[in-house]
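S.K.: Taking this note's numbering, the leading residue of the sequence shown gets 1, the next gets one more, and so forth. Ideal Cβ placement from N, Cα and C applies to all residues, glycine included. Have a look at this one.
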Amino acid sequence: MGTIFIAGTYGVGKSTLALKLSKKTGIPFYSAGDLISAKTGEQYGKDKAVSNKDRNQDILIDSISGILLGVERIILAGHFCIVTKDGQVDLLPENVFTKLDIDKIILLESSVSIISDHLKHRDNKHYPLDLLQHLQQEEQMAAKRTSKRLSCPLLIHTMEYTDSEINDLIYFLNT
1 MGTIFIAGTY
11 GVGKSTLALK
21 LSKKTGIPFY
31 SAGDLISAKT
41 GEQYGKDKAV
51 SNKDRNQDIL
61 IDSISGILLG
71 VERIILAGHF
81 CIVTKDGQVD
91 LLPENVFTKL
101 DIDKIILLES
111 SVSIISDHLK
121 HRDNKHYPLD
131 LLQHLQQEEQ
141 MAAKRTSKRL
151 SCPLLIHTME
161 YTDSEINDLI
171 YFLNT
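Now the structure itself:
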């Protein structure tokens, strides 16, 4: 038991889905961004700009380690990659994921046009579709590498944005 890591691009629906999973399973849900913001005071809202990714990952590791002292298992929504201030895809350090006690990975994917619409409505921000496609591809490659490195199961799930998809994910968590 440990961390169920739910990954995917900005706007794919990680937090929404993770919250639904948490309510159905009773497993506590945390957002990596919220845990980091609580310690740094930075808000990642609309611009998603990260000032110090290495320090932020150390904060995340410390936060998760502390949380796991009190509970058996958590759901953590986060990323394998971020977009830099200059619009480049940047991989987060692989060693971070070995320290998060990850036992299952769910990678959420969707059409980049749907993701783009979500980001426009949620953050009033436009990302080029080719950037979102590249980000999604990098997330998938990083998820596969991490799954192999940690010897933990990976489910790549194409979002349907329906309540019924939760049952499929719960089945994966219980296997």
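Taking its Cβ as the centre, do 16 or more other Cβ atoms sit within 10 Å of Ile-112, making it buried, or is it exposed?
M.R.: Stepping through the sequence shown from its first residue, residue 112 is reached at position 112. It should be pointed out that residue 112 corresponds to Val in this sequence rather than to Ile. By the neighbour-count rule (16 or more Cβ atoms within 10 Å), Val-112 is buried.
S.K.: With three or more C-beta pairs closer than 8 Å as the rule, is the stretch 105-124 touching the stretch 11-19?
M.R.: Result yes; three or more Cβ-Cβ pairs closer than 8 Å.
S.K.: Report the rounded CA-to-CA distance for Arg-73 versus Ile-27, giving the unit in angstroms.
M.R.: Start at 1 with the first residue of the sequence shown, and residue 73 comes out as number 73. Start at 1 with the first residue of the sequence shown, and residue 27 comes out as number 27. Computed Cα separation, rounded: 6 Å.
S.K.: Hey, out of Leu-76, Leu-119, Asn-52, whose CA is closest to Asp-103's CA?
M.R.: What you label residue 103 is simply residue 103 of the sequence shown in a count that begins at 1. Looking at the Cα atoms, Leu-76 is the closest of the given residues.
S.K.: What does the Cβ neighbour count give for His-118, buried or exposed, with the cut at 16 atoms within 10 Å?
M.R.: Your numbering for residue 118 matches position 118 in the sequence shown. Buried, since its Cβ has 16 or more Cβ neighbours within 10 Å.
S.K.: Quick check: what's the CA-CA separation for Lys-99 versus Pro-153?
M.R.: Stepping through the sequence shown from its first residue, residue 99 is reached at position 99. Stepping through the sequence shown from its first residue, residue 153 is reached at position 153. Approximately 17 Å, taken between the alpha carbons.
S.K.: Cα separation between Gly-41 and Asn-56?
M.R.: As a position in the sequence shown, residue 41 is number 41, starting the count at 1. As a position in the sequence shown, residue 56 is number 56, starting the count at 1. Rounded to the nearest angstrom, the two C-alpha atoms are 11 Å apart.
S.K.: Would the stretch 86-94 count as touching the stretch 17-35 if we require 3 or more Cβ pairs under 8 Å?
M.R.: Contact between the stretch 86-94 and the stretch 17-35 is absent, because fewer than three Cβ pairs lie under 8 Å.
S.K.: When burial is assigned at 16 or more other CB atoms within 10 Å of the CB, is Asp-47 buried or exposed?
M.R.: Indexing the sequence shown from 1 puts residue 47 at position 47. Since pLDDT at Asp-47 reaches only 49, below the 50 mark, its modelled position is unreliable, and no value is offered.
S.K.: If you follow the beta strand (DSSP E) that Gly-78 is part of, which residue opens it and which one closes it?
M.R.: Here the question's residue 78 lines up with position 78 in the sequence shown. It spans 74-78 - the beta strand (DSSP E) in which Gly-78 sits, taken as one unbroken run.
S.K.: Going straight from the alpha carbon of Ile-114 to that of Thr-84, what length do you get?
M.R.: Reading the sequence shown from its first residue, position 114 is the one you call residue 114. Reading the sequence shown from its first residue, position 84 is the one you call residue 84. Rounded to the nearest angstrom, the two C-alpha atoms are 22 Å apart.
S.K.: Does DSSP classify Leu-69 as helix, strand or coil?
M.R.: Position 69 of the sequence shown, counting from 1, holds the residue named residue 69. Leu-69: coil per DSSP, three-state reduction.
S.K.: Sorted by chain position, which residues of the same chain lie with C-beta nearer than 7 Å to Tyr-161's C-beta, five sequence neighbours on each side aside?
M.R.: In the sequence shown, counting from the first residue as 1, residue 161 sits at position 161. The residues are Gly-13.
S.K.: Check each candidate in Ile-4, Phe-97, His-121, Leu-17 and name the one with the smallest Cα separation from Met-159.
M.R.: Taking the sequence shown and counting its residues from 1, the one referred to as residue 159 is at position 159. Comparing Cα-Cα distances from Met-159 to each of Ile-4, Phe-97, His-121, Leu-17, the minimum goes to Leu-17.
S.K.: Drop a sphere of 10 angstroms on the beta-carbon of Thr-146, count the other beta-carbons inside from all chains shown, and report buried for 16 or more, exposed for fewer.
M.R.: Mapped onto the sequence shown, residue 146 falls at position 146. Buried, since its Cβ has 16 or more Cβ neighbours within 10 Å.
S.K.: Quick check on the burial criterion: 16 or more other C-beta atoms within 10 angstroms. Buried or exposed for Ile-132?
M.R.: Translated into positions along the sequence shown, residue 132 becomes position 132. Rather than Ile, the amino acid found at residue 132 in this sequence is Leu. Burial call: buried.
S.K.: For Glu-109, does the three-state DSSP call read helix, strand or coil?
M.R.: Position 109 of the sequence shown holds residue 109. DSSP places Glu-109 in strand when its eight states are reduced to three.
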